[in-house]
Structures are given as structure tokens and as C-alpha cells.
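Position one of the sequence shown corresponds to residue 76 (the working numbering), numbered consecutively onward.
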Amino acid sequence: MSKNNELILEARNVTKQFKVSKNNILTACDNINLSMYKGKTLGIVGESGCGKSTFLRMLMNLEKISSGEIFYKGKDISKFSKDEIWESRQHIQMVYQDPGASFNPRMKVVDILTEPLINYDRLKKEDKEKKAIELLEMVDLPADFIHKYPHNMSGGQKQRIGIARALSLEPEVLVCDEATSALD
């Protein structure tokens, strides 16, 4: 099978509903079907509030689906154990719409960027500054940013850090939730 025909992520009849009151249910995503192939780019377009971010959170297994199935390499992610979810996160990464909200405000950029690599035993602690600088260069930020905290950065700089962090693991799937909206 060629690289371009390899199905990597698939959603089948995915629905997400939220109970907003005793007798009122909000359907955020309704019967979504899509297929994502390795090496391909797929965009999801819709009005503000239509459920795009909710759907992406379900792809990441950060939000439980109400019905339907989501498969990563043929395995239903809704049935993953905590260990399988953790393992899959090194292969499926997300760039958040508001990256600052996903950063620990007490961590320096060097730690924000290298934490995933260290957690998955892909980097030794003594090599983290060098790797962080490489990642910063990738998103056109200066090396001295490794010593900054999130509150010392603009929204666009935080977004670049979020992009570099997501790319650090070289994931098979990169999920982007309006990843360019905050860029300077």
C-alpha cells in the first residue's frame, strides 16, 4: 500500500451531545464521517461555535464521544485504556487555538518544549537545552527564549512555542485548532 493510501485516522458517525439542562441537549457534532490518510492535509471548515474544536478534542481522546467510532490505525480510540491513550499521544499531537492555556505558567520554555520528549524517553535531561534551541529555530524564535516564561511572551510567540512542542515528537498526525489565528 502506498504512503498516500494509508488510512491513519477515521471517524465514523461521530456525535457529541451535551446536556445543558434537565430537558435540553445540545448536539455539538452530529454524525461526522471522515478519513485521514498519511501524508495528506485535511481541513475542517465551519462557523464559529459549530463544533470544530469539540470534534478535534474527540480525535485527541480529550473529549468522550456520545456515539460513533474514531479509529487510529484501525483501533477504536474510544476503547483505549489510559496507557494506550498516553502511548497514542506521542503519535497524535495537537496545536491548540489558545496555546497559553495549555502551558504550565511556572515552566520555562525549555521545559515546555522538551517535556514531551523526556516523558516518552526520547531525550536525556542533559540534552534538553540544545534540543529546545533547535525547536525554537524551527519556528523562528531566538535561542534566549528557552529562559522565558509564558507570561513574558506575546500570543503569537506562545503559538509558535505550541507548534514547536507539538512537532517535537514528530507525530504521525498533527491536529491544529486554528493554529495560525494567534500568530504575529
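All C-beta atoms in this analysis are idealised placements derived from N, C-alpha and C, irrespective of residue type, glycine included.
query = Taking DSSP as the reference, what is the three-state secondary structure of L82?
reply = Here residue 82 is taken as the residue at index 7 of the sequence shown, counted from 1. For L82, the three-state secondary structure derived from DSSP is strand.
request  = Assign T189 to one of two classes, buried (16 or more other C-beta atoms within 10 Å of its C-beta) or exposed (fewer than that).
outcome  = Here residue 189 is taken as the residue at index 114 of the sequence shown, counted from 1. Buried.
request  = Sort out for me which residues DSSP pairs C104 with in a bridge.
outcome  = Taking the first residue of the sequence shown as position 1, residue 104 is located at position 29. For C104, which the question treats as bridged, DSSP gives the partners K91.
inquiry  = DSSP three-state label for Q168, please.
reply    = One-based indexing of the sequence shown puts residue 168 at position 93. The answer is strand: DSSP assigns Q168 an E or B state.
task = Going by DSSP, name the residue or residues bridged to S96.
result = Against the sequence shown, residue 96 aligns to sequence position 21. Residue pairing by DSSP places S96 opposite N99 in a beta bridge.
request  = Can you check DSSP and say which residues form a bridge with I236?
outcome  = Your numbering for residue 236 matches position 161 in the sequence shown. Under DSSP, I236 forms no beta bridge with any residue.
M213 in three-state terms, based on DSSP = Counting from 1 along the sequence shown, the entry for residue 213 is found at position 138. In this structure, M213 counts as helix in the three-state DSSP scheme.
task = For the beta strand (DSSP E) containing I22, list its first residue and its last residue.
result = Shown here, the chain extends from 76 to 259; a query on residue 22 therefore has no answer.
request  = Might you give, ordered along the chain, the residues of its own chain that have their beta carbon closer than 6 Å to the beta carbon of P191, omitting 5 neighbours on each side?
outcome  = Taking the first residue of the sequence shown as position 1, residue 191 is located at position 116. Within the same chain, P191 has close Cβ partners S243, L244.
request  = Quick one: grab the DSSP three-state call for S229.
outcome  = Position 154 of the sequence shown, counted from the first residue, corresponds to residue 229. DSSP places S229 in coil when its eight states are reduced to three.
query = Which one of G149, I238, V185, F155 has the shortest CA to CA distance from D173?
reply = By one-based count along the sequence shown, residue 173 stands at place 98. For the residues G149, I238, V185, F155, the minimum Cα distance to D173 belongs to I238.
query = How would you label I236, buried or exposed, when you count the other beta carbons within 10 angstroms and need 16 or more for buried?
reply = Numbered from its first residue, the sequence shown carries residue 236 at position 161. Classification for I236: buried.
Secondary structure of F220, DSSP reduced to three states = For the purposes of this step, residue 220 is identified with residue 145 of the sequence shown, where counting begins at 1. Three-state DSSP puts F220 in a helix.
message = Bridge partners for F130 per DSSP, in chain order?
response = Within the sequence shown, residue 130 is the residue found at index 55, counting from 1. According to DSSP, which records beta bridges pairwise, F130 is partnered with nothing at all.
query = Between S256 and S96, what straight-line distance do the alpha-carbon atoms span, to the nearest angstrom?
reply = As a working mapping, residue 256 is identified with position 181 in the sequence shown. As a working mapping, residue 96 is identified with position 21 in the sequence shown. Those two C-alpha atoms are separated by around 32 Å.
task = Ignore the nearest five residues each way along the sequence and tell me which others in N80's own chain have a CB closer than 8 Å to its CB.
result = Here residue 80 refers to the residue found at position 5 of the sequence shown. Only Y112 meet the Cβ criterion.
inquiry  = Considering Cα atoms alone, identify which of E204, D252, V184 is closest to P225.
reply    = Along the sequence shown, read from residue 1 onward, the residue named residue 225 stands at position 150. That would be V184, whose Cα lies nearest to the Cα of P225.
query = Does DSSP put S141 in a helix, a strand or coil?
reply = For the purposes of this step, residue 141 is taken as residue 66 along the sequence shown, with counting starting at 1. Here S141 sits in coil by DSSP.
ask   = If you drop the 5 nearest sequence neighbours on each side, which residues of the same chain put their C-beta closer than 6 Å to that of D252?
value = The sequence position of residue 252 within the sequence shown is 177, counting from 1. Cβ within range, chain order: S128, L131, Y171, Q172.
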